[in-house]
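Okay, so here's the structure we're looking at.
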Ligand code: TA6
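Structure follows, in structure tokens:
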């Protein structure tokens, strides 16, 4: 069953228009703000209307795949630290305007629910980010951004940029996924062996990855990685998370470690030990150009297995 009754706000209206019994339900989040709760086959996921941000993905067996800071709150005007923040229409610092926020401006914007679907095995919600009319930039009124979260025996997140204009639009982007681990010191990121990466902590030098990525200090790297998959092996929890992707030529790996965590101030006590970011992106030396009237879609699928 699919619904796309225009747009909705308010929990009762959202449930009337887009609720799907046993699959899609809108509720108040303990973080403050409205979320969509997806359930399918014993798995659960939560998507905040703020930022179109996935905050939780719990497979049918096991614990949450995503990490969210214990200090995270919705509606503060700040991006939520954790889950899958959407970085758009630029990744990192703004290419030319230092007064703009890092990672674009959609993480703190209220997105609009525009669709939901449920079957016996799957639940899906679609949110659209209205381009803020008060922004006077190259993109104003020329693009529409949508996020689709589909939960079945895996979680797939699709980020779609539609170019509404008659000119090509440049884009960098990321699904900035915070994965939960038992202990970062016993975790390894694999699937990137042999790839070149930009080391953002060493003058943006280009280096080559030898073996799996281990962590004993801050790591902040952009891998030239056309995919299809990276993984995190978590020895502490006996879990392997696989991230499969499409239309993404970059993978960002980041752990802030101790000093950066203290500077950020919102990681919570020892937060750095419990997370690693493996981000599905087009950034660094990669620039996407969305053709006039065209659409660019990037997806990531998360799956967890225990050993
Ligand atoms: O993706 C890694 C990174 O660019 C880091 O350099 C760090 O800034 C992180 O993103 C978090 O950025 P945020 O704006 O969410 O604090």
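Numbering (my numbering), first residue to last: 360 to 666.
By construction, the Cβ of each residue, glycine as well, lies at the ideal position given by its N, Cα and C atoms.
Treat the numbers as computed from the prediction; the structure is a model and nothing was measured.
Where do the N-terminal and C-terminal ends of the alpha helix (DSSP H) with residue 374 fall, by residue?
The residue given as residue 374 occupies position 15 in the chain shown. Looking at the DSSP string, the run of the alpha helix (DSSP H) that includes residue 374 is 370 to 377.
By the DSSP assignment, the alpha helix (DSSP H) with residue 621 in it spans what residues?
Translated into the one-based positions of the chain shown, residue 621 becomes position 262. Taken as a continuous stretch (DSSP letters only), the alpha helix (DSSP H) holding residue 621 covers 616 to 623.
Taking only three categories from DSSP, how would you classify residue 466?
Numbered from 1 along the chain shown, position 107 holds the residue referred to as residue 466. Looking at residue 466 - three-state DSSP - the assignment turns out to be helix.
Taking 6 Å as the cut-off, is the beta-carbon of residue 461 closer than that to any non-hydrogen atom of the ligand TA6?
Position 102 of the chain shown, counted from the first residue, corresponds to residue 461. Indeed, a heavy atom of the ligand TA6 lies less than 6 Å from the Cβ.
Spatial distance of residue 502 from residue 553 (CA atoms)
Reading the chain shown from its first residue, position 143 is the one you call residue 502. Reading the chain shown from its first residue, position 194 is the one you call residue 553. Cα atoms of residue 502 and residue 553: separation of roughly 36 Å, rounded to the nearest angstrom.
Sorry if obvious, but does the Cβ on residue 447 come closer than 6 Å to a heavy atom of the ligand TA6?
Here residue 447 is taken as the residue at index 88 of the chain shown, counted from 1. Not so, every heavy atom of the ligand TA6 lies at least 6 Å from the Cβ.
Rounded to whole angstroms, what is the Cα-Cα separation between residue 428 and residue 625?
Position 69 of the chain shown, counting from 1, holds the residue named residue 428. Position 266 of the chain shown, counting from 1, holds the residue named residue 625. Distance from the CA of residue 428 to the CA of residue 625, rounded to the nearest whole angstrom, comes to 7 Å.
Starting from residue 483, follow the beta strand (DSSP E) in both directions and report where the run begins and ends.
Walking along the chain shown from the start, residue 483 turns up at place 124. Looking at the DSSP string, the run of the beta strand (DSSP E) that includes residue 483 is 482 to 488.
What do you get for residue 391, buried or exposed, if any count of 16 or more other CB atoms within 10 angstroms of its CB means buried?
Here residue 391 refers to the residue found at position 32 when the chain shown is read from its first residue. Residue 391 should be labelled exposed.
Residue 468 CB to nearest heavy atom of the ligand TA6 below 6 Å:
Along the chain shown, one-based indexing puts residue 468 at 109. Not so, every heavy atom of the ligand TA6 lies at least 6 Å from the Cβ.
According to DSSP, is residue 494 helix, strand or coil?
Taking the first residue of the chain shown as position 1, residue 494 is located at position 135. If DSSP states are grouped into helix, strand and coil, residue 494 belongs with coil.
Considering only residues of the same chain and omitting the five flanking positions on each side of residue 486, which have a CB-CB separation below 6 Å?
Locating residue 486 in the chain shown gives position 127, counting from the first residue. For residue 486, where only same-chain residues beyond five positions count, the Cβ hits under 6 Å are 411, 470, 472 and 506.
Taking residue 654 as the reference, which of 520, 576, 400 and 445 has the closest Cα?
As a working mapping, residue 654 is identified with position 295 in the chain shown. Comparing alpha carbon positions, the residue from 520, 576, 400 and 445 closest to residue 654 is 520.
Can you check DSSP and say which residues form a bridge with residue 642?
As a working mapping, residue 642 is identified with position 283 in the chain shown. Beta-bridge pairing links residue 642 to no other residue.
Given a cut-off of 7 Å on the beta-carbon distance, is the pair residue 536 and residue 449 in contact?
Position 177 of the chain shown, counted from the first residue, corresponds to residue 536. Position 90 of the chain shown, counted from the first residue, corresponds to residue 449. For residue 536 and residue 449, no; Cβs fall outside 7 Å.
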